[in-house]
Amino acid sequence: MHFAKPSFLIGALFAASLALVCAIAPARAADTVRTVVSGGIKREYILHIPKGAPEGPKPLVIALHGALQPAGMMQRYLDLDAVADREGFVVAYPKGLNLLWNDGRSSIAGFLPLLHRRDDGRFVLDVLDRLAAEGIADPGRAYLMGFSNGGFLTAFVACRYAERFAAYAALMMTVPVGYAQSCKPSKPVPILLMNGTYDPIVPMFGRPTPGARLMSASSTASLFARLDGCAAPQQTSAPHARIWRWERCAPGAAVAYYEIAGGHQPPSQSTGAVDALASVLLGPRRSGLDAPQEIWAFFKRFGGPKPVPGRMPEAAEPLVAAASLSPTPLASRSTTALAMAPTPAPAADAAPILRNPDSPATAWQGIAPQDGDAPAGNGQAASHTSAASRVATAVPLPPPSPLRERAAIPR
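When you line the sequence shown up against mature numbering (1 follows the signal peptide of the UniProt record, and there is no 0), it's residues -29 to -1, 1 to 382, in that order.
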């Protein structure tokens, strides 16, 4: 008998927990459900245009939902529309067939019959082309982001169709090991990456499962830094997060990697009861750092006028102060006076490991990458083995936990 995989069940329960809230949420009058034919199939996407937006092409963000997460749920859960209304850009939320994306991984392609036969990367481009042809979107200021399964598809598009979007953001995903050789973007890729230190769905240390082997989160960031010709990163801190920024890259490129002390959920400016319920299954959703705002601050540097080389992204609006993480310093990391909050020196006996939580709701701790796994740029290549060889050997994972069961079919 075939049993459902743990990650599938977790995703289903997460979807169910939020479905009621999303179902009773009022419809947004300015939003429309549109269709486009892609690969001979009629596909749908939700389009959000800010009220009172001026006529003419506008910046466009295409946001891809996670597995088993309806596009409308992603729209309300992420609340990217609030930033769009303030900043004047358009948001499109494509709908994956059966709530899944064929994201370039061989394992996900075998999840449902015929999934591997549809080209979801092409669908994303068709949405962009339609909105550009209608004069709604400015193709020079188009951006792609995705969460979990949608994040994997975002990375796939970045590797295969880099020239189509000005910048990318992939949340709660790490790339397959094979990307170390197969990812060959046509141009430097500005990309923001975000991962949770205690993510039970996409572990930050990678996944050694045969047929679904994934790099670690920091190796994923280092891969894009290498592809972008970046030098060593600068490290800053934010509420419940550490951030590495590669700014000295090829012209028009940059990489940002956010390590969030949380689970398989993007951080939000504030959290509520629904987030607490989801946290039991997915790990905590941190407050104080707003993912959509951080992503847009990164995106708007690219596209249109040529970005100023070496310029740091604009910081989001001041956030409530919170205790910063205190990782054990690694020789390969650089520090900077630009940190939003100073990182105090750790105690002499501080161990860079993830402590097993006392309960699902409390005591979540941050984790420092293991030796040899700190984000790197070209200037540090000699001190790091290749991403592929690191994952091919034993991948260090946090201590066992009921929430950390891993499935052969990741989200």
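Note that CB positions come from ideal geometry on N, CA and C, so glycine has one too.
For the alpha helix (DSSP H) assignment, the uninterrupted runs of no fewer than 4 residues enclosed by the stretch 194 to 253 are, from N- to C-terminal side, 244 to 253. Taking all protein chains shown into account, Ile17 has 16 or more neighbouring C-beta atoms within 10 Å of its C-beta and is therefore buried. A distance below 6 Å between beta-carbons, with the five flanking residues on each side excluded, links Thr6 to the following residues of its chain, in chain order: Lys13 and Glu15. In this structure, Arg257 is the residue among Ile107, Arg257 and Ile266 with its C-alpha nearest to the C-alpha of Pro210. Annotated as distal: Ala53 and Phe270, with beta-carbon spacing of 7 Å or more. Taking a contact as a CB-CB distance under 8 Å, the pair Phe118 and Pro237 counts as one, their CB atoms being some 7 Å apart.
Along the stretch 120 to 144, the alpha helix (DSSP H) occurs as fully enclosed runs of 4 or more residues at 120 to 131, listed in sequence order. In this chain, Phe273 is not harboured by any alpha helix (DSSP H), its DSSP state being neither H nor E.
Contact check for Leu124 and Leu35: beta-carbon distance about 6 Å, within the 8 Å limit, so the pair qualifies. Straight-line spacing of the CA atoms in Gly92 and Val128 works out to 6 Å. Shortest Cα-Cα distance from Val61 to any of Ala212, Ile33, Gly233 and Cys201 involves Ile33. Residue Gly234 holds the alpha-carbon nearest to the alpha-carbon of Gly167 among Tyr48, Ala24 and Gly234. Within 10 angstroms of the beta-carbon of Val148 lie 16 or more other beta-carbons, which makes it buried. Non-local C-beta neighbours of Pro65 in its own chain, meaning closer than 6 Å and more than five positions away in sequence, comprise Tyr16 and Val98, ordered along the chain. Burial check for Glu230: the Cβ neighbour count within 10 Å reaches 16 or more, so the residue is buried. Proximity to Asp74 across Asp50, Gln46, Asn120 and Arg57 peaks at Asn120, based on C-alpha coordinates. A Cβ-Cβ separation of about 26 Å leaves Pro204 out of contact with Leu51 under the 8 Å criterion. Beta-carbon to beta-carbon, Leu96 and Tyr132 are separated by about 6 Å, close enough to satisfy the 8 Å threshold. Burial state of Gln152 is exposed, judged by a 10 Å Cβ sphere holding fewer than 16 other Cβ atoms.
Counting only the Cα atoms, Thr207 lies some 26 Å from Leu185.
Residue environment for Glu265: buried (at least 16 other C-beta atoms within 10 angstroms of its C-beta).
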